[in-house]
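Beneath this line is the structure, given in structure tokens, with notes to follow.
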Amino acid sequence: MDETMILNDLLQVKDHELAAQKKIVLRCCLAAGCISSNSKGVKEQLDKAVADAGLQDEVEVRGVGCMKLCCDGPLVQADPQNKLFIKVTPENAPAIVSALKGGKTNLEMGDPNASFFTKQLSIVLANSGIVDPERIQSYIAADGYLALHEVLNEMAPKDVVEVMVKSGLRGRGGAGFPTGLKWGTVAKSSGAKKYVICNADEGDPGAFMDRSVLESDPHSILEGMAIAAYAVGADQGYIYVRAEYPLAISRLQLAIKQAKQMGLLGAGIFESPFNFNIDIRIGAGAFVCGEETALMMSVEGKRGTPRPRPPFPAESGLFGCPTLLNNVETFANVPAIYRQGAEWFAGIGTEKSKGTKVFALAGKIKNTGLIEVPMGTPLRTIVEEMGGGAPDGGKIKAVQTGGPSGGCIPSQHLDTPVDYESLGKLGSIMGSGGMIVMDETTKMVDVARFFMEFCMDESCGKCIPCRAGTVQMHNLLDKILKRKATARDLATLEELCDMVRNTSLCGLGQTAPNPTMSTLRFFRNEYEELLQPDTFNPPTHGAAARHESATK
Amino acid sequence: MAAKTLTIDGKQISAEEGETILFAATEAGIKIPTLCHLEGVYDIGACRLCLVEVKGTPKLLPACTVKVAEGMEVSTDTERLRKYRRMTLELLFAERNHICAVCVANGHCELQSLAYGCGLEHVHYDYLFPRWEVDNTHRLFGMDHNRCILCTRCVRSCWHIEGAGTKNVSGRGAKSKIITDLNQPWGDSESCTECGKCVMSCPTGALFRKGSTVAESVRDRSKLEFIVNAREKKQWNA
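Read top to bottom, the protein sequences are chains D and Z. My numbering puts the first sequence at residues 21 to 572. My numbering puts the second sequence at residues 234 to 471.
Structural data, given as structure tokens:
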């Protein structure tokens with residue numbers, strides 16, 4: 021391939037890829053979840069079965085990213101038959117291939133028209149489960165890199181920022197800061213060198229949205245970062261991804277290599293004066309490195325601890341230069357916004373929360389997996405219609421969003437629309453997208469202790485309230501659970517929640533009390549039931565006892 | 234540099250652009266409690282004792298890192314701040330083993346004087362009583378982790394004043410620990426220049442000069458006996 025690419029080359033790749041498309045495509049999920057139940061073996065056997073049946077010219081077996089219904093994996097979908105095979109084993113391969121030709125089969129089938137799929141609206145996950153994440157051609161065939169071409173050739177950086185402002189996209193890392201405003205601030209910051217960083221240090225327990233995007237559609241991140249870099253005037257990007265995501269790392273490395281070979285990263289992209297390179301930085305397992313200032317310290321090769329803001333990264337970030345830092349899902353939204361326009365994007369969602377949100381549905385729920393819904397979708401729709409409710413007819417008690425920084429929303433608030441403000445009002449947060457469903461068997465004090473233990477273990481130790489406060493709060497929760505605490509301990513816990521929230525240095529500490537505070541708000545009775553009466557018990561040993569026996 | 238005028242605790246003061254609230258307050262004679270701050274090394278805003286309220290900002294801000302701004306209205310001593318400071322100190326006392334009576338820093342300890350300053354006479358939290366070691370391998374200095382509050386003053390002065398880079402932090406959370414080189418005994422350190430700046434910067438008794446600890450304050454009574462014997466018995470037995 022030529023070093024510099026022009027639009028014609030790109031369209032040629034697309035046309036060539038579409039022309040080579042076979043009549044039948046068997047999409048086999050090769051994301052981490054399905055791989056763990058041997059979908060690689062399934063893919064191998066499907067290839068073999070197709071060859072054995074002599075159907076190589078008709079059938080393509082495509083390894084794709086996440087197909088969303090993780091609980092029923094490994095998944096294989098046949099197009100255009102629109103058949104979804106679930107819980108596939110390598111031994112099923114010949115039967116699947118014969119089913120393509122109308123053969124009868126008693127294989128387990130999923131329903132592609134179930135609410136789990138039909139209620140979804142895919143922007144971020146549009147390519148997930150469709151394109152082959154290991155082939156750039158597959159992404160280009162799905163109009164990949166067209167947005168980058170348009171941005172570089174037809175728009176000034178300030179217009180690019182303007183489109184982002186108009187789209188109304190807000191940061192998908194959890195806090196919901198307006199993305200356009202952030203881009204504009206970095207664009208206006210003066211500095212010869214600027215950086216763009218993609219935060220792929222997803223660490224909330226139960227969250228796997230970013231991993232799925234990285235594994236399923238890595239090029240959308242690269243394209244999103246390149247557009248952002250052009251808008252703010254950066255020429256170097258970093259993707260900070262945790263070492264626990266080896267498949268995501270290898271697919272990103274491959275994607276970067278392919279994009280460089282095609283001239284879609286590097287110098288003079290699309291014959292413009294715009295240069296942009298992306299390197300990967302791998303995290304060493306600290307949750308706090310998902311906090312932006314700690315993340316940048318880690319990229320610099322230092323101990324990953326947060327520092328006070330201001331100065332904000334937009335003014336002084338990586339190596340002291342203006343830095344734009346966005347989450348994986350935020351970047352994944354970018355190409356679609358420039359392909360389809362800010363108005364289109366702003367037309368989706370609610371007044372203040374635009375677009376869609378990806379959630380990793382987990383816990384006590386029938387259909388676990390990945391969902392993408394328009395902002396404003398009621399929690400009830402997600403949990404009951406799409407998720408299918410609690411397994412075995414159980415009753416849903418609460419939904420936890422935002423992981424260790426979020427809160428528990430009780431079932432009486434299930435009609436709450438999913439958007440930044442509504443979840444915030446209930447003492448939870450949108451968070452990065454973890455959604456853990458809890459049924460009647462879940463003890464809320466136990467949930468609070470679990471998340472507090474997580475924060476205690478993950479506190480970096482720099483500031484005192486978070487380092488020492490989480491330990492005390494965890495011990496108090498433990499004491500309550502062991503039925504050894506009194507009302508006074510509960511008061512001490514609440515006082516500490518307030519103090520740690522207001523005095524901690526970074527988001528980890530500031531939000532660590534959230535799961536405790538929200539369960540106290542909605543499930544206070546569960547705490548109080550465990551408390552012991554606050555009476556003074558005279559010692560049965562020691563000085564008082566000795567005194568008693570001496571006076572007898 | 235442009236001058237900025239602001240109010241701290243109702244007192245109108247002027248400060249130079251780029252100065253921190255802490256610096257401006259100190260210049261104006263307003264004392265804000267600090268623990269991780271140390272003149273001469275950069276600030277990290279870690280101990281949270283110098284948090285102040287700034288009108289119009291919902292969050293509390295560390296005075297040591299936030300710069301003054303025109304028209305800023307700062308409160309350094311509200312009831313809420315006093316409560317949080319007290320709680321922060323209590324958390325520190327409960328975290329490790331701070332036994333003033335047997336400490337080298339007794340009477341010269343910043344943690345102790347801050348506690349006296351806010352009338353702390355009782356810790357509401359359960360003492361954790363962790364087991365931390367004492368590194369006595371160095372020829373001149375010792376490090377008692379039981380008394381460390383992890384302010385990292387020693388780390389910063391070692392890196393930025395001395396330039397040796399011997400001290401560092403390992404681990405995280407409550408398991409954080411000040412280490413020497415790659416977590417080696419201090420006595421084996423090849424990078425340590427024995428300058429003693431870490432000991433000078435320590436706010437508590439965690440870092441100390443050898444010979445200054447309570448256990449080492451042994452009275453040498455044999456000298457008296459020697460003199461008496463020499464005078465009275467004319468015996469010069471050493």
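Yeah, the Cβ is synthetic: ideal placement off N, Cα and C, and Gly gets one too. The structure presented is a predicted model; accordingly, all values stated were derived computationally and were not measured.
Query	Result
Chain D contact for Glu366 of chain Z (CB, 9 Å cutoff)	no
Check: Ala507 of chain D C-beta below 8 Å from any heavy atom of the ligand ZN	Because no ligand of any kind appears in the structure shown, any question about the ligand ZN cannot be addressed here.
Neighbour flag for Cys351 of chain Z against chain D, beta carbons, 9 Å	no
Whole alpha helix (DSSP H) elements within the region 357-397 of chain Z, 4-residue minimum	386-390
C-alpha gap between Ala279 of chain D and Ile412 of chain Z, whole angstroms	44 Å
Closer than 9 Å at the beta carbon, the chain Z residues around Met519 of chain D	Lys316, Tyr317, Met320, Thr321 and Leu324
Residues that Pro485 of chain D contacts on chain Z, provided the C-beta gap is smaller than 9 Å	Arg281, Tyr317, Met320, Thr321 and Leu324
Contact set between Gly574 of chain D and chain Z, taken where Cβ atoms lie within less than 8 Å	The question about residue 574 of chain D has no answer, for chain D in this structure spans 21 to 572.
Environment of Ile150 of chain D [buried if 16+ CB atoms lie within 10 Å]	buried
Own chain partners of Asp163 of chain D with C-beta closer than 7 Å, once the 5 adjacent residues on each side are dropped	Arg359
Separation of Ile254 of chain Z from Thr298 of chain Z, as counted between CA atoms	8 Å
Whether Ile382 of chain Z touches Cys283 of chain Z by CB criterion (9 Å)	no
Meets three-Cβ-pair contact criterion under 8 Å: the region 205-213 of chain D and the region 380-393 of chain D	no
Through-space distance from Arg323 of chain D to Phe339 of chain D, alpha-carbon basis	14 Å
Close beta carbons around Ser442 of chain D, own chain, < 8 Å, minus the five adjacent residues each side	Thr436
Chain D contact residues for His357 of chain Z, given Cβ-Cβ distances below 8 Å	Thr512
The alpha helix (DSSP H) enclosing Ala418 of chain D, as first and last residue numbers	It is not in any alpha helix (DSSP H) - Ala418 of chain D instead sits in the beta strand (DSSP E) that spans Ile416 to Thr421.
Assigned exposure category for Pro553 of chain D - 16 Cβ within 10 Å defines buried	exposed
Ranges of the alpha helix (DSSP H) found wholly within the region 311-384 of chain D, counting only runs of at least 4	312-319, 348-360 and 362-366
The region 522-539 of chain D: positions lying closer than 7 Å to chain B by Cβ	Included in the structure are the protein chains D and Z, with no chain B among them.
Given 8 Å, three or more beta-carbon pairs between the region 347-364 of chain Z and the region 409-423 of chain Z	no
Min CB distance Met472 of chain D to chain Z below 9 Å	no
Alpha-carbon spacing of Met21 of chain D relative to Ala287 of chain D, whole angstroms	With a pLDDT of 45 at Met21 of chain D, under the threshold of 50, the predicted position of this residue should be treated as unreliable, and no value is reported.
Beta-carbon spacing of Thr397 of chain D, Val354 of chain D below 9 Å	no
Exposure of Ile447 of chain Z, with buried meaning 16 or more beta-carbon neighbours within 10 Å	The question names Ile, but residue 447 of chain Z is Val in the sequence shown. The residue in question, Val447 of chain Z, is exposed, as its Cβ has fewer than 16 Cβ neighbours within 10 Å.
Helix, strand or coil at Gly303 of chain D [DSSP, three-state]	strand
Min CB distance Thr490 of chain D to chain Z below 9 Å	yes
Residues within the region 430-450 of chain Z neighbouring chain D, beta-carbon criterion of under 8 Å	none
Proximity test, Cβ basis, 9 Å: Lys264 of chain Z and chain D	no
Against chain Z: residues of the region 175-196 of chain D by CB proximity under 8 Å	none
Sheet register partners of Pro535 of chain D (DSSP bridge)	Bridge partners of Pro535 of chain D: none, in fact.
CA-to-CA distance, Val467 of chain D to Pro535 of chain D, given in whole angstroms	8 Å
Contact check, Leu446 of chain D vs Arg400 of chain D, beta carbons under 9 Å	no
Selected residue, minimal CA-CA separation from Glu243 of chain D, among D:Ile276, D:Lys482, D:Asp221 and D:Ala263	D:Ile276
Burial state of Ser450 of chain Z, where buried means 16 or more other Cβ atoms lie within 10 Å	exposed
Contacts of Ala306 of chain D in chain Z (Cβ-Cβ under 7 Å)	Arg405
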